[in-house]
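Numbering (this note's numbering), first residue to last: 4 to 792.
For glycine and all other residues, C-beta sits at the position ideal for the given N, C-alpha and C.
Quick caveat, the model's predicted, so the values are computed rather than measured.
See structure below.
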């Protein structure tokens, strides 16, 4: 049997159905974001751990110039090492019929006897592995194969160490080492122009002339072993063979990108639900306070009939709980749908054998608990007021407010306004706290909409600064090993090449005080024009003759300032330890590089006047002929186009950006409408008796509509400047939460961002006004004017 209080709760919910639904949608937006981020995070993390475990992802990685196979036994004897995999690795280029742009490739060897490697095993999506005698057989990465429609049975041309040969594709595979398939030194993945290719070790030995040697090694460690001690010993063993510095799994580029993505999902799961549910709690506080004020007599009667304060409080909390549960159910369903959209995006970026998105019990439980807690916190003050209301006092109407002439009246300005406008301003001025709370709620709604637009503007700025202002080269050329400057003259002599600029990059570990960071040190020509570091004002600066330039991110990471001494451990070649002063800082949004003058860098490293690559400015018509000439030079490991990198971003990243922007704007618009509509309905509930009295006194329906909606429009207009400021603050918080050593998201708010938020507010206000105006036309004057005395 349904109790009397339960029936009353259902009647209250029906009476508040419009406001309750709007609040439920706000709660749903917060829960949807929470469920989407948390469930996607769990699915991605569980998939990663399972793939790494089942396909033996290594714990430590190292490269060198040329290491005899006999050294492998000494590596296996290092304390803590469980498994050792030696292999060959080389850069190169691929040539596809009908695709004239340069394609970089990373070639890796597979065991001579055929079969799977003991670490970093391959998941075959199609085909098979190369046979022991299959010198021209290859397995290619799935991302590249999908981008070009390649499958087992196709053939491609490859250039390895200056030798061009045909490779027959026998398999398409995924590796835990290349879940995030990105070219070394690149900012974004480029599935069309970068490939992973696995071939038999004998074939790669022949191409590199590396019989009986290896240049890459990966290790599996025993459980509980600290990688740092193993890395130190491994670097010592490889130092005489041109070791490039070993690193742990956490610094492996694919795993690093994936870990950062997981961290950002965690941030999203914490930040946005707090904002959304805070708005919902605020709305519930206002609505429940209004509901209890209008039911003072009912509360008194219930108490007079013996209902305790606890029972009455439980009744109002049941109303709140019902609204929260409806919002939670909508949010869980919406979050699951948005999570599946996000999972589809991740399937395109992260190459897992499987990525089964699932909605976990933890996500559902967390959503329900968070929604109920936030709702009860929002309504608690109003419920406590109902519990403590004495019956005798509750039977009387609230004492009328004590009013006085408003500021505008004292200044004599009211005479310039019409009677309805005077009533609007007088009501706002006489209830300043209520007006202020309404403005704050509306401002938060405006702010949330801005967050969705901010992401697109920020990424466009990153591309403009990094790839247009700072970089002007057409081609970047990498040499297989550091070489003399004579190679630059050969490049200048190529048809179509207008300018050649020398660069050198080495792997280093930067140290200052107790801080250290592994990164790359780039040497730039004194008169560099194709690659120019920028200062905080985006003005090009020249690498100093003495000292080092650091990115502003490294400044914070290493806690250094201009003039401080920076220790640099070079991780390749002779591996010297040098100390240089910090000469200044550069402003970059991607990566964390250090820069020096090339001549000064070569003097400090002590291995001659060498370069590791070159930047080229070329004529537009150079094209395929230039690429062919570069392919025939054995010292060139590969080359890439700057414009292709920009184009790749907008094609590869465009879909994910569209999904993220859609999700943010959808949730922001829902909250925006919920706040505006609730403000309008609360105003109608509070002033229904007053407006009915005005109708009886002769005011037209249009005039009372002007009074009510004019107040709403005034509050919305007042909230817009505050909303824009709050939006700036929210975007700043979000930008700070997304900072990492891979990307620094700039705070970029264009006029279009503010305009979109304002137009969304205007649209929500217009729709809400139409709904409330319709309810005004249906106002029952007799029922509203009945007194309770």
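Whole-angstrom C-beta distance between residue j and residue i, which should lie under 8 Å
i: residue 228; j: residue 316; result: No, residue 228 and residue 316 are not in contact; Cβ-Cβ is about 57 Å, not under 8 Å.
i: residue 141; j: residue 170; result: 4 Å
i: residue 708; j: residue 776; result: 5 Å
i: residue 58; j: residue 126; result: 6 Å
i: residue 592; j: residue 749; result: 6 Å
i: residue 137; j: residue 155; result: Actually they are not in contact, since the Cβ atoms of residue 137 and residue 155 sit about 12 Å apart, beyond 8 Å.
i: residue 745; j: residue 263; result: 5 Å
Local conformation of residue i per DSSP, three classes
i: residue 537; result: strand
i: residue 515; result: strand
i: residue 126; result: strand
i: residue 469; result: helix
i: residue 792; result: Low confidence applies to residue 792: its pLDDT is 48, below 50, so where it sits in the model is not reliable, and the reading given next is rough at best. Looking at residue 792 - three-state DSSP - the assignment turns out to be coil, as it is neither helix nor strand.
i: residue 144; result: strand
i: residue 584; result: strand
i: residue 677; result: helix
i: residue 166; result: strand
i: residue 556; result: helix
i: residue 485; result: strand
i: residue 777; result: helix
i: residue 55; result: helix
i: residue 306; result: helix
Distance between residue j and residue i (C-alpha atoms, nearest Å)
i: residue 424; j: residue 710; result: 7 Å
i: residue 8; j: residue 182; result: 57 Å
i: residue 207; j: residue 112; result: 6 Å
i: residue 289; j: residue 680; result: 13 Å
i: residue 20; j: residue 468; result: 50 Å
i: residue 199; j: residue 100; result: 18 Å
i: residue 738; j: residue 278; result: 15 Å
i: residue 484; j: residue 67; result: 11 Å
i: residue 343; j: residue 28; result: 20 Å
i: residue 719; j: residue 456; result: 21 Å
i: residue 13; j: residue 322; result: 8 Å
i: residue 363; j: residue 519; result: 39 Å
i: residue 320; j: residue 193; result: 54 Å
i: residue 444; j: residue 678; result: 7 Å
i: residue 551; j: residue 537; result: 14 Å
i: residue 197; j: residue 108; result: 5 Å
i: residue 93; j: residue 165; result: 11 Å
i: residue 512; j: residue 601; result: 18 Å
i: residue 222; j: residue 139; result: 28 Å
i: residue 699; j: residue 692; result: 11 Å
i: residue 526; j: residue 545; result: 11 Å
i: residue 605; j: residue 338; result: 55 Å
i: residue 774; j: residue 268; result: 38 Å
i: residue 724; j: residue 270; result: 27 Å
i: residue 665; j: residue 477; result: 34 Å
i: residue 334; j: residue 226; result: 41 Å
i: residue 350; j: residue 53; result: 16 Å
i: residue 640; j: residue 47; result: 34 Å
i: residue 629; j: residue 608; result: 33 Å
i: residue 845; j: residue 26; result: This structure cannot speak to residue 845, because the chain is shown only from 4 to 792.
i: residue 110; j: residue 566; result: 43 Å
Classification of residue i by the beta-carbon crowding that lies within 10 angstroms, buried from 16 upward
i: residue 651; result: buried
i: residue 559; result: exposed
i: residue 611; result: exposed
i: residue 115; result: exposed
i: residue 393; result: exposed
i: residue 306; result: buried
i: residue 792; result: Per-residue confidence for residue 792 stands at a pLDDT of 48, beneath the threshold of 50, marking its modelled position as unreliable; no derived number is given.
i: residue 703; result: exposed
i: residue 3; result: Beyond the ends of the chain as shown, which are 4 and 792, falls residue 3; an answer cannot be given.
i: residue 15; result: buried
i: residue 582; result: exposed
i: residue 201; result: buried
i: residue 517; result: exposed
Residue-chain proximity (residue i, chain C), Cβ-Cβ < 7 Å
i: residue 95; result: Within the model displayed, chain C is absent; a lone protein chain is all it includes.
Whole runs of the alpha helix (DSSP H) within the stretch 592-633, excluding any shorter than 4 residues | 601-608
Minimum length 3: unbroken beta strand (DSSP E) runs contained in the stretch 190-277 | 197-203 and 216-224
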